[in-house]
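Peer 1:
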Amino acid sequence: MTAMIKIIIPTVIIFLSALVLDAQPLQKLAESISRTEPLLQAQWSVYAEYIESGQMLVDLNSNKNLVPASGLKLITSAAALDYLGEDYQYETKLIYTGFVQKDLLNGDIIIRGSGDPTLGSNQIKGALPLDSLMMYWVKAVQDLGIKKISGAVIADPYIFDAQSIPDFWNWRDMGNYYAAGTSGLCIHENFYNLRLKPGLWIGAPVMVLGTDPEIPDMSFSNELKTAARGSGDNAYLYYAPGQYFASLRGTIPQSYKEFKIKGAIPDPALFTAQVLKKELQKAGIPVTNESRIGSGSEALSDAVNITKVKSPALKDIIYILNKRSVNLYAEQLVKTIAVHEGLPGSYENGLTLILKFLERNDISPKDIYLTDGSGLSRTNTITTKVMVQVLKIMFKHPAFKSYYNSLVIAGDPDDIGFFSSYGQNSALAGNARIKSGLIPRIRSHSGYLQNRKGQWIAFSIMANNYNGSLGQINHQHLIILKALADLQ
Numbered sequence: 266m267t268a269m270i271k272i273i274i275p276t277v278i279i280f281l282s283a284l285v286l287d288a289q290p291l292q293k294l295a296e297s298i299s300r301t302e303p304l305l306q307a308q309w310s311v312y313a314e315y316i317e318s319g320q321m322l323v324d325l326n327s328n329k330n331l332v333p334a335s336g337l338k339l340i341t342s343a344a345a346l347d348y349l350g351e352d353y354q355y356e357t358k359l360i361y362t363g364f365v366q367k368d369l370l371n372g373d374i375i376i377r378g379s380g381d382p383t384l385g386s387n388q389i390k391g392a393l394p395l396d397s398l399m400m401y402w403v404k405a406v407q408d409l410g411i412k413k414i415s416g417a418v419i420a421d422p423y424i425f426d427a428q429s430i431p432d433f434w435n436w437r438d439m440g441n442y443y444a445a446g447t448s449g450l451c452i453h454e455n456f457y458n459l460r461l462k463p464g465l466w467i468g469a470p471v472m473v474l475g476t477d478p479e480i481p482d483m484s485f486s487n488e489l490k491t492a493a494r495g496s497g498d499n500a501y502l503y504y505a506p507g508q509y510f511a512s513l514r515g516t517i518p519q520s521y522k523e524f525k526i527k528g529a530i531p532d533p534a535l536f537t538a539q540v541l542k543k544e545l546q547k548a549g550i551p552v553t554n555e556s557r558i559g560s561g562s563e564a565l566s567d568a569v570n571i572t573k574v575k576s577p578a579l580k581d582i583i584y585i586l587n588k589r590s591v592n593l594y595a596e597q598l599v600k601t602i603a604v605h606e607g608l609p610g611s612y613e614n615g616l617t618l619i620l621k622f623l624e625r626n627d628i629s630p631k632d633i634y635l636t637d638g639s640g641l642s643r644t645n646t647i648t649t650k651v652m653v654q655v656l657k658i659m660f661k662h663p664a665f666k667s668y669y670n671s672l673v674i675a676g677d678p679d680d681i682g683f684f685s686s687y688g689q690n691s692a693l694a695g696n697a698r699i700k701s702g703l704i705p706r707i708r709s710h711s712g713y714l715q716n717r718k719g720q721w722i723a724f725s726i727m728a729n730n731y732n733g734s735l736g737q738i739n740h741q742h743l744i745i746l747k748a749l750a751d752l753q
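In our numbering, the protein residues as written are 266 to 753.
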């Protein structure tokens, strides 16, 4: 027994010493970076652990609540995979009420929403794009022998409540595609393209050419100006959900024959019904009444199913959510979690359930504050230590592969994410999987990587209220991530 103790104790000491040696240089590196000009007056936090051993590698302000921006999608997507399962699918139904007499439908066509954020999307495999979806629905009606409709095309979005956006979103964001509101019946990811023509000289007015798809009754107060070539998209739309009059401000660059920006569809559910009516009439099926939102009290007990449209699996939705950082997908999932658990589809219920998911995994509610699911709000806060805890929880989760594959691959030019050159020619390239976050003066990077020995590391870095450029902050974060990947 004594001999065995003599052998084991030195081995343990050597192992622990190696871990301490790993941590010491990283800690000094993080502390040194925190004293550089971009971060000197900022709130900056860095935390990383070896996943298997739980050994801390670097800890700088890891208990400070910071704004994660889109890094919050790691929390929302983890909770969605846990509650719903990676094979979960939405199901949107096309039904009719009344009765068919010869070729006349004496009743209404109703589109019953399921909260599917991919309905009519053209960027996710397995979803029917808007034109194809409408063709499918029109054919389904034709197959019933219906040639005239005496009622209306009605949208039913009541699987969710009426609050389309969270309480704390910025006025400058609302109206723009990345702040499209939630709906029980989404379409085309709830955005349209606004077609613009810049002027011939700097400062010249910009012409509005129209929207694609066409949004009925949409109008604009246009204050856009033309800026220098290469100045980028600095145009913003200002209007609240449900409003059809938008203010256009900012600039677009010279030299484009046509320039497009994206706006949020004011009422996606109503728009879905309007488009279907239009396509039915183009196909020779007149509809008597105007499209509308249902009252929520329609008698549906005798309704007849026409067809249904299933969404791609949740794992495919999560893939696009995190790779492309689609805010709408995250917000829809918050309410979907509530509905799935038998509660009304509201922000309050969904966010409460996400917190319960964290509590079940021994994460204290005081370490996280949620006001949306996408991270667009500046009132969301979380600690880097909690972010790493969630990454570790998902590492052992049955849906880990789907979660992991949804993160951007650093330095991979073939990835659809935004980090194709990040960490190239280093141990980071093709190794780190990252979810980033970005809103003005907020930057975060969280995810997984392996060191040179193949040991798994979970990391989270957040910078709030930094000075300097985004490029400077990205570089400082890259230094930390390269150091983690270079550990041996």
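Just so it is clear, CB atoms sit at the ideal spot from N, CA and C, and this is done for glycine as well.
#1: If you follow the beta strand (DSSP E) that P518 is part of, which residue opens it and which one closes it?
#2: Under three-state DSSP, which class holds I628?
#3: Closer than 8 Å by C-beta to L693: which residues in its own chain qualify, once you throw out the five before and the five after it? Chain order, please.
#4: Can you grab the Cα-Cα spacing for the pair L284 / Y594, in whole Å?
#5: Could you please give the first and the last residue of the uninterrupted alpha helix (DSSP H) stretch that includes K404?
#6: Whole angstroms is fine: what's the gap from K390's alpha carbon to D680's?
#7: For F456, which option in Q428, D408 and K525 has the closest C-alpha, if you only look at C-alpha atoms?
#8: Spatial neighbours of A492 within its chain, please: CB distance less than 6 Å, with the 5 preceding and 5 following residues excluded, ordered by chain position.
#9: My parser needs the alpha helix (DSSP H) runs of 4 or more residues fully inside the stretch 405-430; what are they?
#10: Buried or exposed: which applies to D627, given that a residue is buried once 16 or more other Cβ atoms fall within 10 Å of its Cβ?
#11: Quick one: any contact between the stretch 480-498 and the stretch 421-434, if contact means 3 or more CB pairs under 8 Å?
#12: Within 10 angstroms of its Cβ, does R625 collect 16 or more other Cβ (buried), or is it exposed?
#13: State yes or no: is the C-beta of N729 within less than 9 Å of the C-beta of L752?
#14: In angstroms with no decimal places, state the Cα-to-Cα distance between F425 and P533.
#15: Ignore the nearest five residues each way along the sequence and tell me which others in E356's own chain have a CB closer than 6 Å to its CB.
#16: For M321, which option in G372, Q741, Y348 and F724 has the closest C-alpha, if you only look at C-alpha atoms?
#17: From which residue to which residue does the beta strand (DSSP E) around H710 run?
#18: So I419 and D373 are supposed to be a Cβ contact under 8 Å. How far apart are they, rounded?
#19: Locate the beta strand (DSSP E) running through A313, then write down its first and last residues.
#20: In angstroms with no decimal places, state the Cα-to-Cα distance between N371 and G449.
#21: Taking only the alpha-carbon atoms, compute the straight-line gap between Y612 and L579 and give it to the nearest angstrom.
#22: Assuming S642 and W434 form a contact by the criterion Cβ under 8 Å, report the distance between their Cβ atoms to the nearest whole angstrom.
#23: Using DSSP bridges, identify the partner residues of I558.
#24: How many Å lie between G733 and D396 at the Cα?
#25: Quick one: what does DSSP say D751 is sitting in, helix, strand or coil?
#26: Compute the Euclidean distance between the alpha carbons of V540 and N690, then round it to the nearest angstrom.
#27: For Y503, list the residues DSSP reports as bridge partners.
#28: In angstroms, rounded to a whole number, what distance separates the CA positions of S556 and E544?
#29: Suppose the cutoff is 6 Å on Cβ atoms and the five residues either side in sequence are ignored; what does the same chain contact list for I647 look like?
#30: My parser needs the alpha helix (DSSP H) runs of 4 or more residues fully inside the stretch 535-603; what are they?
#31: Which of helix, strand or coil does DSSP assign to M321?
#32: If you draw a straight line from the C-alpha of A529 to the C-alpha of T383, how long is it?
#33: Write down every uninterrupted run of the alpha helix (DSSP H) in the stretch 327-390 whose length is 4 residues or greater and which is fully enclosed by it, in chain order.
#34: Can you give me the C-alpha to C-alpha distance between K358 and I376, rounded to a whole angstrom?
#35: How many angstroms separate the CA atom of G468 from the CA atom of Y503?
#36: Taking the C-alpha atoms as reference points, what is the distance between A538 and Y731?
Peer 2: So, from the data block:
#1: F510 to P518
#2: coil
#3: A675, G676, Y687, L714, L743, L746, K747 and A750
#4: For L284, the predicted model reports a pLDDT of 43, less than 50, meaning its position is unreliable and no value from the coordinates is stated.
#5: L395 to Q407
#6: 15 Å
#7: Residue K525 is the option with its Cα nearest to F456.
#8: T516 and P518
#9: Within the stretch 405-430, not a single complete alpha helix (DSSP H) segment reaches 4 residues in length.
#10: D627 is exposed by the Cβ-count criterion.
#11: no
#12: exposed
#13: no
#14: 13 Å
#15: Result list for E356: S379, K573 and K575, in chain order.
#16: F724
#17: I707 to Q715
#18: 5 Å
#19: Note, A313: beta strand (DSSP E), Q308 to Y315.
#20: 26 Å
#21: Taking the straight line from one Cα to the other gives about 19 Å.
#22: 6 Å
#23: A420
#24: 45 Å
#25: When secondary structure is reduced to three states using DSSP, D751 falls in the coil class, being assigned neither helix nor strand.
#26: 49 Å
#27: S512
#28: 12 Å
#29: P333 and I633
#30: 579-588
#31: strand
#32: 15 Å
#33: 338-349
#34: 6 Å
#35: Rounded to the nearest whole angstrom, the C-alpha separation of G468 and Y503 is 21 Å.
#36: 46 Å
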